[in-house]
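Here the protein sequences line up with chains A, B and C, keeping their order.
Going letter by letter, the first sequence gives residues 10 to 335 in this note's numbering.
Going letter by letter, the second sequence gives residues 1028 to 1172 in this note's numbering.
Going letter by letter, the third sequence gives residues 23 to 683 in this note's numbering.
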Amino acid sequence: MQEIEKTLRSRCAELINNGTCDKVIAWDRGEFFYDNSPATFACADCAQKLVYDCFCGANLSKYLIQYAKEGKTAVLLKPCDTYSFNQLLTEHRISRENIYVIGVGCDGMVDIDKIRAMGIKGITAVKEDGEDLVVSTLYGEKTVKKADCLLEKCVSCKSKKHYVFDELIPEADGEDVKENGRFDMVEKLEAMTAEERFEFWQEQLSKCIRCNACRNACPACTCRKCVFDNPHSGVASKANADSFEEKMFHIVRAFHVAGRCTDCGECSRVCPQNIPLHLLNRKFIKEINEFYGEYQAGETADQRGPLVNYTTEDAEPTAVSDRGDN
Amino acid sequence: MQVEKQFKPKIVAFCCNWCSYAGADLAGSSRLSYPADVKIIRVPCSCRVNPLFILRAFERGADGVILCGCHPGDCHYSTGNYYTRRRMTMLFSMLDYLGVEKGRTRVEWVSAAEGVKFSTVMNNFVAKIYELGENVKLGDLRCKK
Amino acid sequence: MQRIGVFVCWCGSNIAATVDVERVAQVMKNEPGVVFSTDYQYMCSEAGQAIIRNAIAEHKLTGIVVCSCSPRMHEATFRKTAQRAGLNPYMVEIANIREQCSWIHKDKEEGTEKAIVLARAALAKVMLNAPLIAGQSSVTKRALVIGGGIAGIQSALDIADAGYEVDIVEKEPTIGGKMSKLDKTFPTLDCSACILTPKMVDAAQNEKITLYTYSEVEEVKGFVGNFNVKIRRKARYVKEDVCTGCGACMQKCPSKKGLNEFNLGLNKRTAIYIPFAQAIPNVAVIDATQCIKIKNNKCGLCDTVCAAKAIDYNQQDEFIEREYGAIVMATGFNPIKLDKFNEYSYAECPDVITSLELERIMNAAGPTGGKLVKMSNGEHPHDITFIQCVGSRDISGRGKCYCSKICCMYTAKHAMLIRDKYPDVNVHVFYIDVRTPGKNFDEFYRRAVEEYSVDYIKGQVGKVYPEGDHLVVQGVDMLANEQIIHKTDMVVLATAIEPDPTARKIASMLTASIDTNDFITEAHPKLRPVESPTAGIFLSGVCQGPKDIPETVAQAGAAAVKVLGLLSKDKLVTNPCVSQSNELLCNGCSMCQNVCPYGAIGYEDKLINDHGIRETRRVAVVNEALCQGCGACTVTCPSGAMDLKGFTNKQIMAEVDAICK
């Protein structure tokens, strides 16, 4: 990773210098070492400060809507982020000719909470060392397996291959991950009884504080004005008291991104309450795959989404109710 | 003495103007009765029904919501009900996934000539809602017990 | 602030019997926003409408709710009433308390409560109504008739007579349809060809009529006044404008194995053929599945003998696109297939035939030259048995639940003609009921029984099977209450008729509704029998329901009149309930464009002033002339930028709220 970071810094500086782009959207060090945040770097010297390590989970594609309106912008995209980029192209939210895509290699991003959950306290730094992570703490160094500390979205990584790019760093691209088990948890929920599922979601959704982080990070939730913020929509959120509203918010949010969600996992990653929101989206993805054929949003930039499409032989909604009562 | 309040379900039926609403009218002119709990909202096409409307109805205390449109292939607007079919399949699947009773929502295709079917469908749906009882789950998914 | 008036109709006792209309009016009077509320016996009457008009003026109403019959019945009436009183016609909402309330509920308390809820929902909606102004669209002054049978020909002739251009699209190589296959017609027994062929010639010679035979409708776009139709002209392999119809090719063609469609496959024809002598156009066509030249690149005799040089083995299907203001469906019918009715041994026994096949056998131009013979051995039959209702009035699910309407009469005709021409032949008819309403129809049937001694047996046939040279019919005589085992020479099945299989596909293209039997639905079964609920689509002939020739011709004329009413207008008033895009909310994502069936949504780069931020954005723009107001786009749009006038998100949610209160 350190090697890549170095290459990225010099390459981005070069791209600004040679006029390929006037700014780069990349990751910057946050307040803590583990909260690298999206940022724009508008000069060759600034580009030297960009960060690329195992805490760069954030999907940068969404920021292009706002920041790539003018001039030419370079952006660093991990393989999973490229799906979102394509989806934004499909929806005309960004224009390809204004953007220079640097596909960066990724072998999984780390979830600091997972390291903490191992009982490791006073963490001051985390360094990658092959398959391991070397965790520096106030009480000395510890080594843990990186595989045990990955972000949820990386555990079920669907691809190491970039679906869109102008150049790749490193040059060699990865492959699709065929067996990623991303629907395992959805299946587990499906196997539960309705009562158990209800309880599960009641427990989870009751944690929601309506901070809107999921919505704000989601690269598919890009409406200029969200219906939940629009007093004229008839569904605008009022006081945080109506129990139904949160549920409606999450159902409607999942519905609005159904067929458009690339399963980038940002919603769950940013949720301060650790609600597994990606399980709502994955349910839709799984159903779409089963009912209407395998579909991966963002695989190319000219797809017609499954919910703005049909065949005359589609399953009836009764296909859901006929599934049996569990 | 406590008198147990009899359950009177609130049922919203969205009917497309061209087929199902006309089917409901035919049920009426043929005097084919169904329970008064069903209240119909006329929409131009089943594809006008936003999942939001259905959730809204539940939010406001509906016990069942049924959506009726032209048979697939017969949509007055050619393709509207094909989109409805996908959207509602997805919505129902999500409600089921959240643990909400599946029987509270339904899609039925009723043509303008199917007054008998309209009445039968409504009778069956209302019976199902009586069986399920009051809609509690959609009211309090967030609040802990 | 809205000032709403509520008008509750009794509809005589239709509503008042199960809804306490006075209470509904009383309760509504106290609803917020309502400044006037009353009830009256017949709101749709002139006196009732006067009450509404006066109230609008007196109470300065901004909107009205009429609690009455279905809006499909009188919405237009009350909109006009409002308009006459100076109110925008779209400030009217109807609470359907008749079809969807009083007529289906018996308990008055229950009915009244429901009527109040429906009235409240209508009130909630009207409070959010906004005045709408209908736009205008142009009318293409040309009609399309789909189907060139007697129905289509008559409609086209009537339209052309009034001076409008009309095109007929017929899938067969000739116009004429089923009527051209008939021998004689009831109840006058005049020869079918004698009365039909002059009309066919008229159609061909009328300069306002263009015939597209051997053609099919491929695609229909647009809407009333402005249909765009793509027509496939199937390859004839004969140049239609060059062929003189001399028939030399048919005499030389060595491929003689094709089934003669015109004679229902009872005999064979050559690969190049003219369907029948009076065919219009009188032009040959090559059956590519039979032609040796096309199949194996050998032969080519027809090309050699054709003096006009009309043969073109390389002809391809051609597509033409035309604009029409109105479309008449005249797709006709077919006898049903009998594969589910094995008890009649139709597939095995050549002497078991359908009535339409009998028409060809009796016809001088038919496979037997008009001689009544057994198809198995060419011998003269001495006993013929007719079986009625084969697949009609069927409750077993194998056939059709409806009465095919024409069979009783044509069976009487067949029986009579046979007895007349061959007095030595005994004729028996098995029937469930004999249905002969119609001018001179019952007299006709009685003549068959009384003058021609046709043996009518009330009862159904259970089985027909061959025995030696004969057939045995097993049935019941219900009047004598005894079983009949009857030896006969020929059995004629009065086969049920069903809409032509193309009807469903074409109805789909036209977005015309169709019933469970594939008959096209009329806009109103009694009052608008020749119109489809889809504006600009009209119905002619059996595609709407079983009917005989006089009825078909009458309906064809009626459909033509409706077409003329439409084509004579220069502008049509368009539905103002169309989608509109809120440019400030639009993301420019194009999803709405994907689902719009009319191509009514386009995208433009527009300079938008979003609360002081000026920028050029890609936003959706609705073409109001194309939008038909289905609302598919409104649900697809995640930001709610698309909304449907007259059925806005807020209005529908207000109705939901009112119902769930």
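We put the beta carbon where it would ideally sit given N, CA and C, even for glycine.
Close Cβ partners of residue i (< 7 Å) along its chain, the five nearest in sequence each way excluded
i, result
"K130 of chain A", "T146"
"C1170 of chain B", "For C1170 of chain B, the predicted structure reports a pLDDT of 42, less than 50, and the residue's modelled location is therefore unreliable. The matter cannot be settled from this model."
"N385 of chain C", "D205 and G392"
"T162 of chain C", "G247, N248, E345, Y346 and G347"
"A1084 of chain B", "V1039 and V1092"
"R1114 of chain B", "P1078"
Neighbourhood of residue i by C-beta, 6 Å cutoff - its chain only, sequence neighbours within 5 removed
i, result
"A329 of chain C", "none"
"A144 of chain C", "V87, E115 and A117"
"A576 of chain C", "none"
"T407 of chain C", "H450, V495, T510 and V513"
"A680 of chain C", "R142, A143 and A146"
"S59 of chain C", "V28, A47, M50 and K51"
"E238 of chain C", "K193 and R254"
Cβ-based burial, residue i [other Cβ within 10 Å; buried from 16]
i, result
"F1080 of chain B", "buried"
"V1163 of chain B", "exposed"
"P445 of chain C", "exposed"
"R1112 of chain B", "buried"
"P555 of chain C", "buried"
"S414 of chain C", "buried"
"K1172 of chain B", "Summary for K1172 of chain B: the model assigns pLDDT 40, below 50, so the residue's position carries little reliability; its value from the coordinates is reported in the next sentence. Exposed: under 16 other Cβ atoms inside 10 Å."
"S165 of chain A", "buried"
"C423 of chain C", "exposed"
Sequence-distant residues of its chain with Cβ nearer than 8 Å to residue i (five each side left out)
i, result
"S92 of chain C", "I116, N118, R120, E121 and Q122"
"V1153 of chain B", "P1036, I1038, Y1061, P1062, D1064, V1065 and G1091"
"E140 of chain A", "K154, K155 and A156"
Test: residue i CB closer than 9 Å to a CB of chain C
i, result
"T1106 of chain B", "yes"
"E1141 of chain B", "yes"
"L286 of chain A", "no"
"L289 of chain A", "no"
"C1097 of chain B", "yes"
Short CB-CB distance (under 9 Å) between residue i and chain B
i, result
"M95 of chain C", "yes"
"V88 of chain C", "no"
"M194 of chain A", "no"
"T196 of chain C", "no"
"L666 of chain C", "yes"
"R101 of chain C", "no"
"S330 of chain A", "yes"
"V451 of chain C", "no"
"A229 of chain A", "no"
Option in the options with minimal Cα separation from residue i
i, options, result
"N45 of chain A", "A:C52, A:I34 and A:E79", "A:I34"
"V57 of chain C", "C:I78, C:E68 and C:A39", "C:I78"
"N221 of chain A", "A:G66, A:D238, A:A328 and A:D331", "A:D238"
"M613 of chain C", "C:M397, C:L323 and C:T658", "C:T658"
"G243 of chain A", "C:K683, C:K672, C:V412 and C:D679", "C:K672"
"Y43 of chain A", "A:C52, A:L214, A:Q75 and A:K136", "A:K136"
"C275 of chain C", "C:I253, C:L323 and C:V305", "C:L323"
"D122 of chain A", "A:D90, A:L142 and A:L159", "A:L159"
"C217 of chain A", "A:Y304, A:T231 and A:V279", "A:V279"
"C52 of chain A", "A:I284, A:Y148, A:R18 and A:C65", "A:R18"
"F355 of chain C", "C:Q566, C:N336 and C:M397", "C:Q566"
Chain A within 9 Å of residue i, Cβ atoms only
i, result
"E637 of chain C", "yes"
"V1153 of chain B", "no"
"P1078 of chain B", "yes"
"L607 of chain C", "yes"
CB contact below 9 Å: residue i versus chain E
i, result
"G587 of chain C", "Structure shown: chain E not included; protein chains present are A, B and C."
### Query
Between the region 578 to 594 of chain C and the region 177 to 187 of chain C, are three or more C-beta pairs nearer than 8 Å?
Touching, yes, given that three or more Cβ pairs across the two stretches are closer than 8 Å.
### Query
So, do the region 205 to 217 of chain C and the region 263 to 279 of chain C have three or more beta carbon pairs nearer to each other than 8 Å?
Cβ pair count under 8 Å is below three, so no.
### Query
Can we say the region 590 to 608 of chain C touches the region 70 to 87 of chain A, given the rule of at least three CB pairs closer than 8 Å?
Contact fails: fewer than three Cβ-Cβ distances are below 8 Å.
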